[in-house]
Amino acid sequence: MYPIYLDLKIDFVSKMKVAALISLALILIGIASLLIHHGPNWGVEFVGGTEVQLKFQKSIETDVVRKIMEGARYPAESVQQLGLPQDKEYLLRFSPDVVGFDKIELFRSGLNKLIAGNGLFRGATVQRIDFIGPQIGKELIRKAFFAIILGWIGIMLYLMIRFEFSFALGAVIAIIHDILITLGAIFFLDKEFTLVVVAALLTVIGYSVNDTIVIFDRIRENLGKTQKIGFRELVSESLNQTLSRTILTYFTVLLVLIALFLLGGAVIHDFAFTLMVGITAGTYSSIFMASAFVIYWRDKRASSA
Amino acid sequence: MRRASKGWISVIVVVTFLCLIFLMPTFLGDSLPSWWGKVFPKKGLRLGLDLKGGVYLLLGVESGNAVDHELSGIRESIVAQAKEKGILLRSVTADGKSLTVTLFSKSDLKKTKELRASYADIASISEGNLSFTLTLNDAFIKQSMRKAIDQVKEVITNRIDEFGVLEPIVQRLGSDRILIQVPGASVSDRQRIINIINRTAVLEFKIVRDTAPDKATLLAKHNIDTTDPAQMALAKKTLAQQNLALYPGGDDSRANEKFFLTDLHAGVTGKYISDAKLSFDSYGRPAVGFNFKGEGASKFGKLTGENIGKRLAIVLDGVVKSAPTINDRITASGIITRRFTLDEAKDLALVLRSGALPVPVKVLEERSVGPSLGRDSIAQGRLSLIAGGVLVLLFMVFYYRVQGVIANAALALNMLFLMGFLSAFGVTLTLPGIAGLVLTLGMAVDGNVIIFERIKEELRIGKTSNAAIDAGYGRSLWTVLDANITTLLTALILFWFGTGPIKGFAVTLSVGIVSTVFSNVVVAKVISDFIYGSRKTASVSI
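Heads up: the sequence lines are chains A and B, in that order.
If you use our numbering, the first sequence corresponds to residues 84 to 388, in order.
If you use our numbering, the second sequence corresponds to residues 170 to 711, in order.
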């Protein structure tokens, strides 16, 4: 066997303060990016409008695509490159005033003209055209919000039943941390905030809790065993004991995400990216945030008792 | 318990067998023997729109108009019943959710007592001097709205079915939405499908009373001062009191006949048509021919018979399509001519055949995916699934040796169970759904890792291999359950909240988690016991 655990006894607890600062820095960068970009880059499902996914044959830049569409009298709200540059796939979003539902056929023939013409659009394929009415968008934002809150509450309740309150709170804090870091990465890169991103966020929540629970489970088991060592040492030992599993699981999930990232095509590529950031934050938060909080809680309780 | 539990072995064998059966339809498709469907589920995995291409439409149903629709039905019924009883009605007017019937004398009013009573359970009835008013109650209105949506769904289903595309799906979503999916529809189909769905298709046959080249002239002739905006606003009501209705002519109506005044109520409506089909007029241009049978034929016969020499306005969705002169009593058939293209005529016939929409619909959301995107997506999905799978399998063997191979065997069965259940329920597979499968692969390994690391620990503190394996599985059971239940929770929330492709992801993830727990905790242990169970002190390769 190839054990990772080699009596390392890494002192995690002392590093928790540093870890918290690093996370804070990353989150602040995320917030700054959000402000610089004047809010999230909302996907079409949330704001409504018409979205076109185009696969080009010729190499083309984002600005050029935008200019050409403007020239064709269809100014785009946003032009996004999808996936990797070699995919040559772009997502164009138009506000409902520019391309409304009734005008889609007209728009399509306009695109077809460009595709048949001699410009850079030649040979491109219209992969899909989506139209979202404005009511749907508002509903969806509401629903997405609910979904994430519901996730928190559900997990909190379950954890309170299986563990104790401080553990549940610690896990929730870790989740909030992960969401903020993941969103930070998305805002920093100004990636489109779509339904797929929300799905990825919920998956990250699932993974992060998964991770945190394994550690908590070990802490609880050790608590039941000995009263001799202090709580801090007990947590540290629990972390070390579960370290090999934590790293291995992280590694295997990362493996499949890499497969999706490289081979899954444009849309899945972005989905995999979000997940990769998310599970990294999740693993990190399970080790440094959740347990840190539990220790902090105990200390507070002890000092006020 | 050393020997592999017989109970669990049988469970695993049965489930494996079932899943293989469930998967048959997906892989064999059309080459399934014909008796299959009688014994086993034959649906198989379906491909989502993003994998197959096609059109997806979300319609909002404006059921507010259901009330008007109901009232007009009640009106017709009252008129018919009154006629039967020989009671002459002065007027029947609708206003909001009430219908007021005015009679000529008090004795007539008395005669309507029975008639009124029959509506007692759906409306509140009030009596006036020479009239009575039915006001629909809220419970009935709610029910009519629901009925309206069901009717809309039926009409749309008929229309789409007739369009001739394979396997369209029409579903009701919530209380006022209808989802339509037409996989495989091409780009040119898209516009036709939208036209077919959007058409309310209310067809009315009314006698023409007057025409004019423009609205103002026409209204002026009937005592409506067109310079007074207040009067113009009430024009519809004023005309209704004179038993008249105003309609524009179609685009190709004659220049001096851009507007028509007709009777307020239709002698015959489209619902009496027994059939409508593509036809050709005397110039060989596409037209729509329709037939009447039974009650429709006699009504139409009466309408035409009583109005020979007058003109019959054929009003479709509030526009006068044509207004031929009635030369003779017609019962059996008629024709609508207009500047139709072949497709337009075909589609109108289709729409007339399927019945009118009781209330209008509005397109809230549309996705049309081209076929090439579908093909690319399938290829990419498959590739990443295989790549992810291979990577994981290799890693497990490399790191955990023989236990790793056991874990791989359990993983393979896991995927089989997962695909089997998805197939059995006819789940629609989407691209995010495939991503969910790949993710399940990665997360399935986690359970094994938890258990194996625990086994290693037990070995380290000196337990014998068999004891270590047992302790490993036993101790980690709740950890594995806890961790997976919470992930399942988020997957279920995603299922509730997601639409379309996202839902596909949530489904594969949810089912994947369940089958993963089963394969981690039960299957792997069974295989392990099978291999190590009979040996006494063999060392564990882990």
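Even for Gly, the Cβ is constructed at its ideal location relative to N, Cα and C.
Could you compute how far the alpha carbon of Leu140(B) sits from the alpha carbon of Gly673(B)? This structure does not reach residue 140(B), given that chain B is present from 170 up to 711, and the question cannot be answered.
Run down chain A in chain order and give the residues with a C-beta less than 7 Å from the C-beta of Ser300(B). None at all; the shortest Cβ gap to chain A is about 41 Å.
Indicate whether at least one CB of chain B lies closer than 8 Å to the CB of Thr208(A). yes
Through-space distance from Thr325(A) to Met84(A), alpha-carbon basis: Any reading at Met84(A) must be qualified, since the residue scores a pLDDT of 37, below 50, and its modelled position is unreliable; no value is offered.
Check whether Ala435(B) and Ile504(B) have beta carbons under 8 Å apart: no
How would you list, in chain order, the residues of chain B whose beta-carbon sits under 7 Å from the beta-carbon of Gly289(A)? Thr655, Thr656, Thr659, Ala660
Confirm, please, whether the CB-CB distance from Trp235(A) to Val255(A) is below 8 Å. yes
Buried or exposed for Pro86(A), please, with buried defined as at least 16 other CB atoms from any protein chain shown within 10 angstroms of its CB. Confidence at Pro86(A) is low in this model, with a pLDDT of 43, below 50, so its placement is unreliable and the value that follows should be read with caution. When all chains shown are included, Pro86(A) counts as exposed.
CB contact flag (Ala518(B), Ala466(B), <8 Å): no
Note down, in chain order, all residues in the segment 172 to 201 of chain A with a beta-carbon under 9 Å from any beta-carbon belonging to chain B. Phe184, Ile187, Glu188, Arg191
What separation, rounded to the nearest whole angstrom, lies between the Cα atoms of Leu272(A) and Ile288(A)? 21 Å
For Arg346(B), does the three-state DSSP call read helix, strand or coil? strand
How is Asp486(B) classed by DSSP in three states: helix, strand or coil? coil
Have a look at Pro352(B), Lys266(B), Glu283(B) and flag the residue whose alpha-carbon is nearest the alpha-carbon of Tyr225(B). Pro352(B)
Which same chain residues end up closer than 8 Å to Leu285(A) when comparing Cβ atoms and leaving out the 5 residues on each side of it in sequence? Ala230, Ile231, Gly234
Quick one: is Gln164(A) near chain B, going by C-beta distance under 8 Å? no
Does any CB atom of chain A fall closer than 8 Å to the CB of Glu535(B)? yes
Taking just the CA atoms, how far does Asp639(B) sit from Tyr568(B)? 20 Å
Here's the rule I'm using: 16 or more other beta-carbon atoms within 10 Å means buried, otherwise exposed. How should Gln320(B) be labelled? buried
Under 8 Å Cβ to Cβ from Val281(A), same chain only, skipping five residues before and after it: list those, please. Ala227, Ala230, Ile231
Given that a residue counts as buried once 16 or more other Cβ atoms are within 10 Å of its Cβ, and exposed if not, what is Thr335(A)? buried
Expressed to the nearest angstrom, what Euclidean distance is found between the alpha-carbon atoms of Ala257(A) and Asp486(B)? 59 Å
Buried or exposed for Pro337(B), please, with buried defined as at least 16 other CB atoms from any protein chain shown within 10 angstroms of its CB. buried
Which residues of chain B have a Cβ atom closer than 8 Å to the Cβ of Gln218(A), listed in chain order? Gly229, Leu533
State yes or no: is the beta carbon of Met170(B) nearer than 8 Å to at least one beta carbon in chain A? Residue placement at Met170(B) cannot be trusted, given a pLDDT of 44 that sits under 50; what the coordinates show is reported in the next sentence. Met170(B) does not count as touching chain A.
Comparing the C-beta of Gln350(B) with each C-beta of chain A, is any distance below 8 Å? no
Within 10 Å of its beta-carbon, does Phe459(B) have 16 or more other beta-carbons around it, so buried, or fewer, so exposed? buried
In or out: Asp90(A) buried (at least 16 other Cβ within 10 Å) or exposed? Any reading at Asp90(A) needs caution, since the residue's pLDDT is 46, under 50, leaving its predicted position unreliable; the model's value is listed next. Asp90(A) should be labelled exposed.
Option in Ile624(B), Ile671(B), Leu587(B) with minimal Cα separation from Ser688(B): Leu587(B)
Taking 6 Å as the limit between beta carbons, can you name the residues of its chain near Met152(A), skipping five residues before and five after? Ala159
Amino acids of chain B, ordered along the chain, whose beta-carbon sits closer than 8 Å to that of Gln136(A): Leu542
Is DSSP giving Ile294(B) helix, strand or coil here? strand
Every unbroken alpha helix (DSSP H) within the segment 112 to 138 of chain A, with a cutoff of 4 residues, ordered by chain: 127 to 130
Under a three-way DSSP split, which group does Tyr88(A) fall into? For Tyr88(A), the predicted structure reports a pLDDT of 44, less than 50, and the residue's modelled location is therefore unreliable. The matter cannot be settled from this model.
Going along chain B in order, which residues have a C-beta closer than 7 Å to the C-beta of Phe214(A)? Glu534, Glu535
Counting pairs of beta carbons, one from the segment 276 to 292 of chain B and one from the segment 303 to 321 of chain B, are three or more of them closer than 8 Å? yes
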